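Per the working numbering, residue 963 is the first one in the sequence shown, and the count goes up by one each step.
Each residue gets a CB set at the ideal place from its N, CA and C atoms; glycine is no exception.
As the structure is a prediction and not an experimental result, all values here were calculated from the model.
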Amino acid sequence: MSLDNAVLAFAGTMVLASVALTLWVSPLFVWFTVFIGLNMIQAAFTGFCPAAFVFRKLGVKPGAVFS
């Protein structure tokens, strides 16, 4: 799995988890979903993603976007 795929899988997992938390725990978890969305938007424009940094340190091979 490349770094790009790992970041996308992680982002998708976090979005689904935050929606589940919003539905089953507290409506205030919607702010977690908002934070994830904003982070994805800033990563698209700046190329910096904290998750990509962590995955890179864990040894995931580089991809086309996050190298």
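{"Query": "Candidates Phe1017, Thr995 and Ser964, of which the one nearest Val977 by Cα", "Result": "Thr995"}
{"Query": "Counterpart residues of Ser964 in DSSP-defined beta bridges", "Result": "Lys1023"}
{"Query": "Minimum C-alpha distance to Ala1005 - residue among Ser964, Leu985 and Ala973", "Result": "Ala973"}
{"Query": "Leu1090 versus Ala968 - alpha carbon distance", "Result": "Absent from the structure is residue 1090, since the part of the chain shown begins at 963 and ends at 1029."}
{"Query": "Endpoints, alpha helix (DSSP H) assigned at Val987", "Result": "That residue, Val987, is in no alpha helix (DSSP H); it is neither H nor E in DSSP."}
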